[in-house]
Every structure is written in structure tokens, then in C-alpha cells.
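The structure under discussion appears below in the form of C-alpha cells.
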Amino acid sequence: MPARSIYPFATSSPTSTPSLDALNEKREQPRRTSFTKGNKFTSLFGGNSPRTRSEAAALREAFVAQQQALLDSPSPSSKPLPTINLTSASDEKMSTEQKTLFQPSEIEKERRLARAHAQFGPLVSEHHRYVSKYEGEFGDPIEDEPPYYFLLTTYISYLILIVFGHVRDFFGKRFRKAHYVHLAERDGYAPLNSDFDNFYTRRLKMRINDCFARPITGVPGRYITLLDRTSDDGNYTFKLTGTTTETLNMSSYNYLGFAQSDGPCADASEQAIRKYGISMASPRADAGTSELTLEVEDLIAQFVGKPASMVFSMGFVTNATVFPTLVGKGCLLISDELNHSSIRFGSRLCGSMIRMFKHNDMRDLERILREAISQGQPRTHRPWKKIMVVVEGLYSMEGTMCNLPALVELKKKYKYNLFIDEAHSIGAVGPRGRGVCDFFGIDPSEVDVLMGTLTKSFGANGGYLAADKEVIQAMKTQNAAMLFAETPTPPVLVQIASALRIINGDLVPGQGEERLQRLIFNSRYLRLGLKRLGFIVYGHDDSPIIPVMLYNPAKMPAFSHEMLKRKISVVVVGYPATPLVSSRARFCISAAHNKDDLDRMLAACDEVGDLLQLKFSSGVAGGANPEEKLSQENGALVKSPPRWKLEDVIKSGVEDVQFPLR
Amino acid sequence: MDLQEAQTAVTRILHDASSQFQRMPGSAIILRYIKSSYQNDPVRSAIELFLFLFAVRYMLAPSYSTQKKVKLSEEEIDELVDDWTPEPLVAPPTSFEEMETEKRAVIVGPTGPKSKLSNGRTVTNLASYNFYNFTSNESLKEKAITTLRTYGVGPCGPPGFYGTQDVHMKTEEDVAAHLGTPACIIYAQSFSTISSVIPSFSKRGDIIVADRAVNFAVRKGIQISRSTVRWYDHGDMEDLENVLKKVTKEQAKKPLTRRFIITEGMFENIGDVSDLPKLVELKLKYKFRLILDETWSYGVLGRTGRGLTEAQNVDASEVDMIIGSLSGPLSAAGGFCAASREVVEHQRISSASYTYSAALPAMLSTTASETIALLQEQPEILTGLRDNIKAMRAQLDPRSDWVRCTSMVDNPILILVLKAEVVASKNLSTQDQNELFQDIVDECLVNNVLITRLKAYPLAQGVHPRDQGWQPQPALKVCVTSGLTKKETEKAGTIIRHAITKVLKARK
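Residue numbers (my numbering), protein chains in the order written: chain X, 3 to 664; chain Y, 132 to 639.
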């Protein structure tokens with residue numbers, strides 16, 4: 003579907019566009035006036051430069067276009083909408099509203115449904131569900147290696163990029179001095195960014211900048227609407243063209259599909275704004291604790307299975323402020339090497355000694371523990387006051403889960419405190435969506451502190467901590483974010499509460515279950531499909547994060563562009579977020595996707611994989627060819643690279659998802 | 132093999148070696164150099180040869196840890212592991228902390244100038260930063276709902292990965308236009324903004340000169356940057372100049388590093404303002420960059436709420452980075468850093484709490500845009516608040532024998548500390564003062580006025596109180612709001628004043 007030009011709509015007055023229903027009409031109008039007002043002020047107060055004005059205009063146009071796009075047809079697929087809606091996750095309140103307000107015509111009904119389906123896809127068949135289960139043994143996922151040719155070319159690519167970058171710098175610094183002033187000393191000021199540190203950004207990242215930070219509009223649900231932009235100065239600046247493109251969303255952390263602007267969650271949030279206002283305008287410790295805050299804290303505590311919990315208005319800050327209350331001088335913090343930046347940030351503030359162990363390597367962890375406990379603190383050899391092991395439930399770049407059974411086993415022996423960051427795993431992992439403890443069937447009381455974010459699975463914002471009552475009480479009196487930072491706002495709190503209630507089954511029974519089971523089915527289906535097509539995929543079977551390895555740096559932008567051409571938005575990541583060689587594309591699966599979306603995704607990957615030579619798996623990580631599967635069952639260990647045909651993948655995918663992804 | 136043979140073998144080897152050596156290009160020069168420089172002094176040559184060999188050995192030696200490790204057998208380690216008992220995760224709460232938890236106000240229903248608490252009382256709320264009562268503004272609510280119905284609640288991703296929405300770009304432009312800076316970047320939370328901005332520019336080896344009384348978030352930002360910090364006395368521009376002079380002198384011979392002056396526009400814990408024209412003058416004179424935390428002054432000071440730059444007539448572009456808050460008075464959420472384009476773009480990839488955190492919910496972003504527009508359109512909103520501040524101050528500062536207000540006149544947060552003579556005559560420790568103020572807060576609550584105490588900086592575990600650095604003086608915090616009439620404000624002020632008198636008189 004081509005990107006629609008919006009100019010015809012932009013020129014017509016907003017009110018002249020036929021509105022869908024009375025409610026929408028009432029809501030749209032004040033909003034638009036407010037935007038124009040803002041722009042007037044933009045130009046009044048200093049923002050007189052033509053750039054600002056044109057960008058603001060483009061923004062406004064894009065906004066109008068987005069509205070229009072949503073009304074027109076939200077789905078890029080030209081298939082007719084399914085007549086039977088099996089899902090219970092779509093707009094529940096619709097039927098009642100239709101009765102009370104007015105009788106919409108068939109076309110309008112269809113459009114509303116289409117809008118809801120653009121945020122949350124209808125379930126195609128009841129078979130497309132999977133109940134997550136732990137098989138009883140934790141195996142590290144097998145990581146496949148590409149042929150040496152690709153490793154070698156990756157290194158050569160970086161070498162070329164670096165050499166070329168230096169050559170450009172060499173000439174640039176002599177002939178285009180204006181572009182380098184910010185890197186040199188200027189009348190007695192040291193440069194804000196050092197030339198060396200900035201090299202990677204300037205010469206490598208800048209080339210693929212258009213793959214990052216793509217601006218969007220609307221709900222990041224099943225589909226996501228990108229604002230089109232172009233750059234005529236090598237990605238240094240971007241201009242919005244004023245058009246939008248609706249793409250399949252494989253990039254947002256919308257695991258359970260709660261990013262919706264209709265449905266029970268949004269209705270509850272709207273009620274919350276009306277009743278409680280938009281903000282609490284005060285830190286928790288002063289007058290920012292609302293009854294809603296306490297209610298959400300109780301719900302979260304119940305949900306994760308801990309006696310108490312507390313919420314924060316930002317996930318990053320949860321980690322950044324939690325450690326000083328728990329560990330300090332004389333304590334040891336042992337952290338997984340791939341832990342998130344927020345954990346690093348927070349642990350650097352707490353004053354304890356920090357050591358790292360190899361990602362998910364329990365033997366390395368045990369070695370460090372034995373050494374630490376037997377040797378005591380450095381120099382003084384006094385025993386450590388406390389040892390805390392910090393891991394993540396699900397690693398966002400690898401798609402691997404922490405080895406919780408082994409961690410709990412080690413904890414019994416070495417008596418350390420265990421802190422798990424469930425930023426990605428809460429809601430997304432486990433048969434009941436309660437995170438890694440639920441997945442491995444481990445009592446949450448075995449873990450000292452469970453931290454998580456509310457951004458990802460619940461479509462809200464913020465973070466939480468769940469622990470014993472004393473720990474939470476200490477947090478509430480000593481935590482900096484509690485004392486000084488703003489509180490989560492009422493609509494966000496209510497979004498969290500209603501999402502939790504839906505997963506619990508208290509609200510709209512059956513829907514929470516459906517979301518959980520669809521998410522795991524989707525993850526397994528796509529993962530299996532990609533493996534069978536021949537891609538190297540990292541991570542555990544049930545993880546909704548699917549990293550597909552690209553290796554060569556130039557394949558990052560190529561993959562991103564090719565997918566965008568096919569109207570799919572994906573995230574590509576390279577060094578420094580990953581090791582130098584293993585650049586990757588990362589797909590985040592959502593319960594809002596249905597099998598049609600995943601088949602479309604597989605078809606796109608199949609084409610792009612052939613085009614970019616991405617199918618280099620050797621077969622050790624699963625996805626075996628059909629004839630080999632038979633011989634494997636007979637005990638033979640012949641592995642040939644799996645290169646299934648797309649039709650076969652789609653044909654047998656649904657059944658095979660029910661078995662281990664071999 | 133007899134001695135003779137061995138000797139000839141050695142001679143032959145020596146001969147071969149010397150002929151090989153002479154065949155090497157440049158060998159003659161080395162020989163001549165050694166002969167001439169050492170004048171055939173064999174002892175000296177031997178010592179130097181020894182030194183050379185030692186250096187080679189040192190270079191080739193495996194690296195070793197400076198930490199001495201005791202060698203232990205596996206059984207011994209097991210025994211030590213069994214013996215080791217860690218401390219509990221948290222210490223049991225002190226009685227004061229328990230009381231704090233118990234007494235924390237819980238608001239039922241909406242927050243506003245009159246709020247209902249969980250104990251059933253309806254109180255005059257002078258504890259929220261709801262200065263303009265935007266939380267009760269119906270049209271703002273309607274607009275937020277419209278955004279909710281278009282964008283959902285959360286943006287479900289960090290700004291770098293499809294989390295940047297058009298509304299964020301619009302709010303960035305609005306803030307930049309309001310302040311008059313070329314660019315601006317929106318963070319998802321105000322508290323974490325400055326803690327993340329500082330380390331994204333100031334690194335190890337860089338120099339930070341900061342006011343001693345900066346707030347907790349700034350302090351953490353400085354700590355995480357690992358830069359060299361020099362403190363100057365709060366608000367003392369002479370001391371600042373001395374420190375700057377000293378730093379410049381010390382650094383004169385060293386390679387040029389980044390240097391920053393970090394201070395607050397309006398101080399969170401004292402309530403007074405910085406002398407911005409002087410700061411700008413000094414920063415230009417000594418070639419420092421100025422990072423100004425306007426979290427508490429943005430939306431409050433100046434004719435249209437532009438903050439300290441507007442109040443003191445300084446061009447915002449003179450300040451290198453202005454950090455401010457969209458929560459609190461603006462009734463939305465999030466923080467921002469307004470600066471030059473280059474500074475802003477750098478943060479988009481290197482500022483931890485921007486890059487690694489989900490973006491701001493769309494409806495909060497649009498609310499911020501709306502409230503900024505309101506402040507610009509209707510400056511009388513600000514003057515209305517100032518009238519109330521004046522009324523409240525008149526009740527407290529000149530009239531009370533016990534407390535004085537350290538806030539500047541336009542600050543809606545009145546920070547009330549005990550007068551020095553009161554502290555001296557009653558011999559009050561910090562803890563005593565905190566307890567007294569808690570009693571005053573309770574007394575006010577009995578009379579249906581909700582105020583709070585200033586919170587001390589929490590200490591990290593294991594830090595001795597003597598290493599804690601600057602701590603705010605215990606104080607009462609009274610937040611004025613224009614949601615109350617002048618009469619109501621005065622009445623609340625009287626109640627607070629009487630509560631102070633009652634509690635302090637009771638204290639012997």
C-alpha cells in the first residue's frame with residue numbers, strides 16, 4: 003500500500019471530514035484548536051526560524067493525516083475483514099455504545115472495527131494459542147555460529163567503515179572546518195564531545211540514523227503509523243514529508259497488546275482522568291500518594307506473589323534508585339554482564355563493590371561466589387556484609403531467560419540475596435503471565451526482590467518493586483524516587499490496574515488468558531518459522547523477543563529498509579548494544595498479532611533473507627528439515643542446514659509449535 | 132666430552148655469534164656507542180646490562196592482582212561458605228521511620244486545593260505542587276482524553292525505537308519556543324533528567340564546580356559522572372569566583388578539560404534563587420559551561436513562567452543547558468533539557484535515562500504543551516498565585532517568633548526553618564527539629580491543613596553520617612496554590628502559625 007499523501011486533507015477544514023460518531027466528533031475539535039494555538043505561540047516566542055515553522059506545519063499535517071489514515075483503512079492488507087470475531091480482546095464497550103448513542107451504518111461499523119483491529123488483531127483460529135510450560139530442565143539455548151565467511155566479512159566491513167571514516171575526517175577537518183568546530187577547542191572551551199568518542203556516532207551510526215528514532219503517531223499496537231521523513235544531508239537532519247505509512251509493528255514492547263485506545267483499559271483511564279485529574283503534582287512522600295497508588299500496589303503484590311510492592315513513575319528510575327537502600331559499603335553486588343543500563347546506573351550509586359559474571363553462566367557465578375565468600379572484602383579480608391546477585395528475567399537483546407532454578411539452588415547454598423529485573427518478563431512469560439517465577443514454577447518467596455516495568459506488557463508507564471513488607475517499608479522511607487520524584491499519574495495507574503485485572507480474569511474473563519496464550523503461540527510460531535527458513539535466531543522458545551542475527555553491519559540498514567518497503571517496522575541493533583560482530587534485528591512479538599501477520603512477516607523475512615544472504619544457520623539450534631526430523635527421532639545425529647520452503651513452514655507451523663522447537 | 136672440547140665449542144659459538152652480530156647492519160655503531168659511552172668500564176656495563184635484563188623480565192612477567200589472595204582448599208572454602216551469615220537485607224525501621232509510614236497522607240479522589248484524605252477529613256492541600264490548580268482544569272482533562280483516545284496510554288518503547296511520537300516533538304518545540312532556546316529534549320521523568328544529563332557530558336577527569344546546596348538529583352548526577360567536583364558555598368558568588376580562579380590556576384598546565392558550573396535556578400531545599408547575571412558573567416570570564424537546574428523555577432518565575440532567565444532578564448541561550456520539569460506546576464509529567472541543537476542531539480544517544488527508558492505517555496506530553504500555552508496566554512495566572520504567596524508569607528514570615536522563610540518572594544514553596552536563636556536557646560539537634568516539625572504537620576492536619584516537612588537526603592547503606600556532605604536544614608514546606616482564595620490562604624496561614632507557636636511553646 004503506498005504512503006498516502008495528506009495534502010488534500012490538510013487543506014480542507016478538519017470539521018468537514020465526516021466524523022465517525024458523535025463521541026469522536028466532540029473530542030476531536032478542541033484538540034485541533036489547541037494544536038493551532040500551540041503553533042501560533044511557537045512562532046511568537048522565539049521559534050521564528052522557517053525550519054521550526056515548517057516542521058510544526060508538517061507535524062500538524064501529519065496529525066491530520068494520521069486521523070484520516072485511521073479512518074480510511076487501518077490495515078495494509080487488502081483482505082476483507084473477517085466477519086466472525088472470535089476474539090474477546092477487541093472493543094467490548096462497542097455494542098453498548100451503539101445501542102445508547104445511535105445506530106451506525108454498516109460502513110461506519112466496519113471502520114470502527116477496522117480501527118480496533120489495527121490495534122489488536124482478531125484471532126483467526128482457536129488453535130492459535132499455546133499455554134506456556136516449563137519442560138523441567140533449563141537448557142541454555144543453542145547458539146548457532148555463522149560460516150567463517152560472514153564473520154570475516156563483518157570484521158572487514160568494520161575495518162572499511164573505520165578507515166573510510168578516518169579518511170573522511172582527514173579531509174573534512176582540512177576542507178570543511180565548519181563541520182568539525184564542535185569537536186575542537188573553541189576559545190578556551192574544551193569540546194563537549196571528544197573527537198575520539200564521537201567517531202563511532204559520527205562516521206558509523208550516522209550512516210544508518212534513519213533506521214533509528216523513527217517518529218510515529220497514534221497507537222503502537224498491532225500496526226504502527228510512521229511519519230515519513232527524508233534527509234538530504236546524510237541523516238544529519240530529517241524533514242517530515244507530511245505523509246504517513248502504516249506498518250506492521252514488530253518493534254514495540256507491547257507484549258500483551260494493551261496498547262489500545264479503545265477497550266476496557268482506555269475506558270477506565272478516561273474515567274480516571276475525569277475523576278482524579280491528570281496528575282498528582284507531588285512526590286509520594288508529600289501528598290502524591292493516592293488511593294489508586296495503594297490499590298495498584300496491592301494488585302501488583304498479589305499478581306507477582308509477594309507480600310508488598312511499590313510503584314514508580316519510571317522503570318529506569320526504579321533500578322537507578324533501588325540499590326542504595328539494599329546494599330552499600332562492605333557489600334558485594336554480582337551482576338550479569340548483560341544487565342540493563344539502568345541496573346549499572348543504580349549499582350554505581352550504591353557504593354558497594356561490583357563484580358560481573360558471564361551471561362547466564364552459573365559456573366562462573368559460583369566461582370565468583372566461592373572466591374568472594376572465602377576471601378572476604380579486598381585488603382581488609384573482612385567478611386562481606388551482604389552479597390546480592392542481580393539478574394534480568396528476560397534479556398532484551400538476547401531473548402534468553404535467567405536460569406532461575408539454578409540461581410535458587412545456589413542461593414540456598416551461598417545465602418546471597420537475589421534481585422530479578424523482570425522488565426521484559428513480567429506479563430510476557432509464564433502460563434499466568436507472572437514472570438519467570440511463574441514460568442519455572444518457583445515460589446516467588448525464593449527471590450528477595452522482584453522488580454519490573456509497567457511499560458511493556460501493560461501498555462502503561464513506570465516500574466514497580468515487590469518484596470517483603472520490611473523491605474518495601476524501608477524503601478518507602480529511604481528511596482530517593484519516593485521522596486523527591488513525581489508519582490505515577492492517575493490515568494497511568496488505572497491503565498495498570500485494569501490491565502492486571504484483565505490478566506487476572508477479574509475483568510472481561512477469558513481475555514487475559516487469550517492474550518497470554520496468543521503471545522506465546524505467536525512467539526513460538528515465528529521463532530520456529532524463522533529457524534526453519536534458515537535464520538540464526540537467539541533466545542528461549544517461549545520468549546517474545548526474537549533476535550535474528552545479521553552480522554554484517556551494512557545488513558542492518560538494508561534489513562530495516564527492506565522490511566519498511568514491505569510495510570513492517572523492525573528494530574535493528576548493532577555495536578555497542580551488542581558485541582561488535584553480532585549485529586541483529588529484533589522482533590518483539592505481541593498478543594495483538596495474529597497468524598496472518600506472522601505469515602506476512604515470515605514471507606517478508608523469506609524474501610529479504612534470500613536477498614541479503616541471511617539464511618546461514620547450520621541446523622544445530624533446531625528447525626530441522628522434515629526428512630531429518632524422522633532420522634533424528636531414530637537417534638541419528640545428521641544435521642543439515644534447514645532451508646524450508648515458505649509454504650511448508652506455514653503449513654505445518656501451527657501443529658509443530660506445540661512441540662519443542664527442534 | 133672433555134674440557135678441551137667444551138672450550139673449543141664455546142669459543143666457536145662465541146665466534147659465530149660475534150660474526151653474526153657484525154654481519155647485522157648497524158652493529159658497528161652499537162659497539163662503538165657502547166665502547167665510547169662506557170669507556171670500557173666493565174662494572175658499569177654489567178650494571179646496565181643487569182638493569183636491561185630486569186626491565187625485560189618485568190615487561191614479560193604476567194600481570195598480577197594487587198590483592199593478595201589466601202590459598203584455600205575446596206573443603207576450607209565450603210566451611211567458610213557454611214559459616215558466613217549475611218546481614219538482613221534491610222535494617223529494622225527506626226521509630227521515626229515507622230511513624231512516617233503511618234502518617235503518610237493518602238488522598239482519596241482527585242488532588243486539588245481541597246483534598247479528601249483516607250482518614251475521612253477534607254483538608255486544605257498545601258503540600259502539592261499544584262500551584263495553578265491545573266489538576267482541576269476541565270478543558271485540560273478533555274484534551275488529555277482526546278489524546279488518550281488517539282494514542283493509547285503508554286508509548287511502549289524507548290524514543291530511539293519507535294517511541295518518539297509526534298506529540299513529543301511538538302512538546303519539545305513548545306518548550307524550546309517558550310524558553311527561546313534552539314532545541315529541547317523531553318525526558319519521561321523530571322527527577323531523573325538532571326541525573327542523566329550531567330554524566331552524558333561530564334566524564335572522568337572533567338571538572339564540576341557546584342553549589343553546595345544543590346538538590347539530591349543533581350548530587351547523584353555529579354556522583355555518577357565521576358568528575359572532579361569542587362563545591363562553593365551556597366549562593367556565594369565571591370566564593371564561586373575564588374573556586375573558579377583556583378581551578379583555572381591548577382589546570383593551567385594540564386590539557387584542557389570540560390568544565391561545568393552546576394547550580395539550581397531556584398533551590399529545592401532553601402527556596403532562594405541564584406544570581407544568574409553574575410553566574411553568566413563568571414562562566415564567560417573563566418570559560419566554564421553553565422548547567423542550570425530550573426526544575427523548581429520553570430513555570431513559576433518570570434512574567435510567563437519561563438523561569439529564572441525571564442525573571443532576571445538573561446537570554447536563555449547564554450545558559451548552556453537548562454533543565455526543567457513538566458510535572459508539578461505544569462500538571463503533566465516528565466522533564467526537559469533545553470539547549471543548543473548540538474547539546475540536545477548528543478543526549479538523544481548518550482543520556483541513559485532518555486535512551487534506555489520508555490518515552491513519556493502521549494497524553495502527559497500534550498498536557499504539558501497545553502499548560503505551557505496557558506501560562507503564555509494568561510500571565511494573570513502567575514500574578515494570581517503571587518498574590519496568594521504574598522498573603523501566606525504575611526501570615527508566617529514577619530509574624531512568627533519561631534520560624535523564618537528562606538524562600539524568595541515569588542516562590543510558591545515556602546520553606547520555613549527555625550530561627551537560629553530558637554535552635555540555640557532550646558538546644559535542638561537535627562533529629563529534634565525534624566520531630567518538632569512533624570508535630571507541627573500533625574497539629575496542622577488536626578486543623579484540616581495539609582503541609583509537609585522537607586525531606587533529608589537519604590543516606591546510602593553503610594555510609595557514615597559524617598560523610599554525608601551537605602544536608603538541608605530541617606524545615607516545613609508550605610506550597611501555596613491559586614486554587615484557594617486569598618482569604619482561605621490567609622486562614623490556612625494563621626492555622627500554620629498557631630500550630631508552630633503551640634508546638635514550640637510546649638517544647639521546653
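Beta carbons are placed, not taken as given, at the ideal position from N, Cα and C, and that holds for glycine.
- Of all residues in the segment 487-510 of chain X, only 487, 488, 491, 493, 494, 497 place a beta-carbon less than 7 angstroms from a beta-carbon of chain Y.
- Secondary structure at residue 348(X): helix, using DSSP grouped into helix, strand and coil.
- Cβ-Cβ separation between residue 350(X) and residue 454(Y): approximately 21 angstroms, too far for a contact (criterion under 8 angstroms).
- Only those residues of the segment 195-218 of chain X whose C-beta falls short of 8 angstroms from the nearest C-beta of chain Y are listed: 195, 203, 207, 214, 215, 216, 217, 218.
- In the structure shown, the three-state DSSP call for residue 399(X) is coil.
- In its chain, beyond the 5 residues on either side, 395 have a beta carbon closer than 6 angstroms to the beta carbon of residue 345(Y).
- Chain order gives no chain X residues near residue 385(Y), where near means a beta carbon separation below 8 angstroms; the closest approach is about 11 angstroms.
- With contacts defined as CB atoms closer than 8 angstroms, residue 447(Y) and residue 464(Y) fail to qualify as a contacting pair.
- By the neighbour-count definition (other C-beta atoms within 10 Å, threshold 16), residue 369(Y) is an exposed residue.
- Listed along chain Y, the residues sitting closer than 7 angstroms to residue 473(X) by beta-carbon distance are 220, 221.
- Pairing residue 413(Y) with residue 462(Y), the inter-Cα distance amounts to about 35 angstroms.
- In this structure, the beta-carbon distance from residue 227(X) to residue 239(X) does not fall below 8 angstroms.
- For the segment 296-319 of chain X, the set of positions with a beta-carbon nearer than 7 angstroms to some beta-carbon of chain Y reads 296, 315, 316, 317, 318, 319 in chain order.
- Residue 480(X) sits buried, since 16 or more C-beta atoms from the chains shown fall within 10 Å of its C-beta.
- Within the same chain, 493, 494, 497 come within 6 angstroms of residue 278(Y) by CB-CB distance, once the 5 residues on both sides are set aside.
- Proximity of residue 539(Y) to chain X, defined by a Cβ-Cβ separation below 8 angstroms, is not satisfied.
- Contact note: residue 347(X) reaches chain Y through 355, 483, using a C-beta cutoff of 7 angstroms and chain order.
- For residue 549(X), the pairing in a beta bridge is given by DSSP as 588(X).
- Using a Cβ-Cβ cut-off of 8 angstroms, residue 191(X) counts as an interface residue toward chain Y, since at least one Cβ of chain Y sits closer than that to its own.
- If the five residues before and after residue 595(X) are omitted, its C-beta is found closer than 7 angstroms to the C-beta atoms of 123, 224, 524, all from its own chain and listed in chain order.
- Between the C-alpha atoms of residue 614(Y) and residue 297(X) there is a straight-line separation of about 28 angstroms.
- Between residue 622(Y) and residue 541(Y), the alpha-carbon positions lie close to 20 angstroms from each other.
- Straight through space, the alpha carbons of residue 519(X) and residue 513(X) are spaced by roughly 10 angstroms.
- Contact of residue 464(Y) with chain X by beta-carbon distance below 7 angstroms involves 281, 315, 488, 491.
- At a beta-carbon threshold of 7 angstroms, the residues of chain Y lying near residue 375(X) are 211, 212, 215, ordered along the chain.
- Any Cβ of chain Y closer than 8 angstroms to the Cβ of residue 126(X) would place that residue at the interface, and such an atom is absent.
- Not flagged as an interface residue toward chain Y: residue 337(X), since no C-beta distance is shorter than 8 angstroms.
- Interface residue (Cβ-Cβ distance to chain Y less than 8 angstroms): residue 513(X) is not classified as such.
- Per the coordinates, the alpha-carbon of residue 428(X) lies some 11 angstroms from the alpha-carbon of residue 302(X).
- The beta carbon of residue 526(Y) is closer than 7 angstroms to those of 621, 624, 625, 628 in its chain, skipping five residues each way along the sequence.
- The beta strand (DSSP E) runs lying completely inside the segment 350-438 of chain X and spanning 3 residues or more are 355-359, 389-394, 419-423, given in chain order.
- In the same chain as residue 271(X), and ignoring 5 residues on each side of it, the C-beta atoms closer than 7 angstroms to its own belong to 493, 496, 497, in chain order.
- A straight-line Cα-Cα distance of about 10 angstroms links residue 358(X) and residue 393(X).
- The segment 315-344 of chain Y is shown to contain whole alpha helix (DSSP H) runs of 4 or more residues at 321-332, in chain order.
- Where residue 571(Y) is concerned, the enclosing alpha helix (DSSP H) starts and stops at 561-577.
- Per the C-alpha coordinates, the member of 422(X), 314(X), 646(X) positioned closest to residue 450(X) is 422(X).
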